[in-house]
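If you're matching positions, the sequence shown starts at 6 in my numbering and goes up one per residue.
Let me begin by presenting the structure, written as structure tokens, before commenting on it.
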Amino acid sequence: VKPDVYLAGKNAVQKQMEDCLLVGSVVPYVTNTLAIMVPKGNPAKVTGLASLGSASIKLAMPNPEFEGIARQISSALEAAGGKPLADKVYKAKVADGTSILTHIHHRQTPLWIMQGKAQAGVTWQSEVAFQMQAGHPIEGVEIPAAQNQTAIYAGAMAKDAPHPEAAKRWLEFIRSPEALAIFGRYGFKPYQETTQ
Numbered sequence: 006v007k008p009d010v011y012l013a014g015k016n017a018v019q020k021q022m023e024d025c026l027l028v029g030s031v032v033p034y035v036t037n038t039l040a041i042m043v044p045k046g047n048p049a050k051v052t053g054l055a056s057l058g059s060a061s062i063k064l065a066m067p068n069p070e071f072e073g074i075a076r077q078i079s080s081a082l083e084a085a086g087g088k089p090l091a092d093k094v095y096k097a098k099v100a101d102g103t104s105i106l107t108h109i110h111h112r113q114t115p116l117w118i119m120q121g122k123a124q125a126g127v128t129w130q131s132e133v134a135f136q137m138q139a140g141h142p143i144e145g146v147e148i149p150a151a152q153n154q155t156a157i158y159a160g161a162m163a164k165d166a167p168h169p170e171a172a173k174r175w176l177e178f179i180r181s182p183e184a185l186a187i188f189g190r191y192g193f194k195p196y197q198e199t200t201q
């Protein structure tokens, strides 16, 4: 199926634009931040990113080999505890088995938490909101803004889109009050120029 629109993180959309696979403008529409996902009741008593370095807390973490979120998580870990914390979570704890890396997608994190394979994992806060709304025994620990990372989601029209008028209307719709209200139910925030 030939797409009309490509939606992803703003940098990925920009890269597709540079590779001449997209046309028109890059249209940013919402932002998202990181949160620490934990089981309901937070039995491991995770209080923030620094807690994740503890040998007693088993983690489910996005795999840096193929998940872009892992770069943002590493930056957040460095903001919270320097390179030693990032290395502890993504190297030492992986080596000793107390950090397990996803092999499909970071949506494995809630599953592994609910199965008792992990006590915490960093995901998008929208994923925490979704799991809670679905009634799963999950909650989130907020990451302070000074340590957090913000993702910007964007879209653009595919080159040779089979339905260019529909593509334009969709790119307008995703920034409309109606669409932003839907995104807002899952914790996404409307994109503002100052978000960059």
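All C-beta atoms, glycine included, are put in the ideal place defined by N, C-alpha and C.
Cβ neighbours of residue i in the same chain (closer than 6 Å, five flanking residues each side left out)
{"i": "L39", "result": "A81, V127, I148, N153, Q154"}
{"i": "S79", "result": "A91"}
{"i": "H168", "result": "D9"}
Residue-chain proximity (residue i, chain D), Cβ-Cβ < 8 Å
{"i": "G121", "result": "Absent here is chain D; the protein component of the structure consists of one chain."}
Residues that DSSP places opposite residue i in a beta bridge
{"i": "N37", "result": "A156"}
{"i": "K96", "result": "Bridge partners of K96: none, in fact."}
{"i": "L12", "result": "G160"}
{"i": "S30", "result": "In the DSSP output, where bridge partners are listed per residue, S30 has none listed."}
Close Cβ partners of residue i (< 7 Å) along its chain, the five nearest in sequence each way excluded
{"i": "H141", "result": "P115, M119"}
Contact belief for residue i with residue j at Cβ below 8 Å, rounded distance in angstroms
{"i": "G29", "j": "M162", "result": "5 Å"}
{"i": "A151", "j": "K15", "result": "About 22 Å; that fails the 8 Å criterion."}
{"i": "I74", "j": "W129", "result": "7 Å"}
{"i": "P33", "j": "I157", "result": "5 Å"}
{"i": "Q124", "j": "A49", "result": "4 Å"}
{"i": "T217", "j": "K63", "result": "In the structure displayed, the chain extends from 6 to 201; residue 217 sits before or after that span and is not available."}
Checklist entry - Between the segment 89 to 97 and the segment 162 to 177, do at least 3 Cβ pairs fall closer than 8 Å? => result no
task = Ignoring anything shorter than 4 residues or poking outside the segment 45 to 86, list the alpha helix (DSSP H) runs there in chain order.
result = none
Notebook entry, point to check: On the three-pair Cβ rule with 8 Å, is the segment 130 to 144 touching the segment 27 to 46?
Noted result: Short answer: they touch.
Runs of 3 residues minimum, wholly inside the segment 114 to 185: which ones carry the beta strand (DSSP E) assignment? 126 to 129, 143 to 147, 155 to 163
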